[in-house]
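In our numbering, the protein residues as written are 357 to 493.
For every residue, glycine included, the Cβ atom is placed at its ideal position computed from N, Cα and C.
Since the structure comes first, as structure tokens, the remarks are kept for the end.
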């Protein structure tokens, strides 16, 4: 039997609540499960201890028997220190695209050129003033 440690959704519409369960992978998401291992309430703040509750002893038992955690559950287990953190495929998701990076570079270059242009006239009179003073003497 291919076992999974996954989330089973409960709660009403727009008010999700999940049970962390060990179930056969062929069963439906909210269907029959072998054992309830914990709960997950995404409506609570991220720093709340009540957000994710897991029975770590039972989770470890199922992992030892070969149960595979889903992506979301594996993140919970990584945060708890049960699993080592693994490399995710989409690590650069938050970075802007190539065109957006090019536009940002152009904008930065224009801003730098404008700053130099503003600084250059301020420096030029300062250089001329000592020359005028030297001629007056």
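Please classify residue i: is it buried, with 16 or more other beta-carbons within 10 angstroms of its beta-carbon, or exposed?
{"i": "residue 433", "result": "buried"}
{"i": "residue 425", "result": "buried"}
{"i": "residue 366", "result": "exposed"}
{"i": "residue 399", "result": "exposed"}
{"i": "residue 368", "result": "exposed"}
{"i": "residue 476", "result": "exposed"}
{"i": "residue 465", "result": "exposed"}
{"i": "residue 362", "result": "buried"}
{"i": "residue 364", "result": "buried"}
Just how far apart, CA to CA, sit residue i and residue j?
{"i": "residue 381", "j": "residue 451", "result": "35 Å"}
{"i": "residue 359", "j": "residue 439", "result": "17 Å"}
{"i": "residue 375", "j": "residue 402", "result": "17 Å"}
{"i": "residue 460", "j": "residue 470", "result": "15 Å"}
{"i": "residue 378", "j": "residue 468", "result": "58 Å"}
{"i": "residue 408", "j": "residue 455", "result": "40 Å"}
{"i": "residue 420", "j": "residue 441", "result": "18 Å"}
{"i": "residue 472", "j": "residue 457", "result": "23 Å"}
{"i": "residue 370", "j": "residue 428", "result": "19 Å"}
{"i": "residue 406", "j": "residue 397", "result": "8 Å"}
{"i": "residue 394", "j": "residue 422", "result": "18 Å"}
{"i": "residue 435", "j": "residue 412", "result": "12 Å"}
{"i": "residue 444", "j": "residue 404", "result": "25 Å"}
{"i": "residue 391", "j": "residue 385", "result": "14 Å"}
Once DSSP output is grouped into helix, strand and coil, what is the label at residue i?
{"i": "residue 415", "result": "helix"}
{"i": "residue 365", "result": "strand"}
{"i": "residue 475", "result": "helix"}
{"i": "residue 379", "result": "strand"}
{"i": "residue 408", "result": "strand"}
{"i": "residue 393", "result": "strand"}
{"i": "residue 449", "result": "coil"}
{"i": "residue 431", "result": "helix"}
{"i": "residue 360", "result": "strand"}
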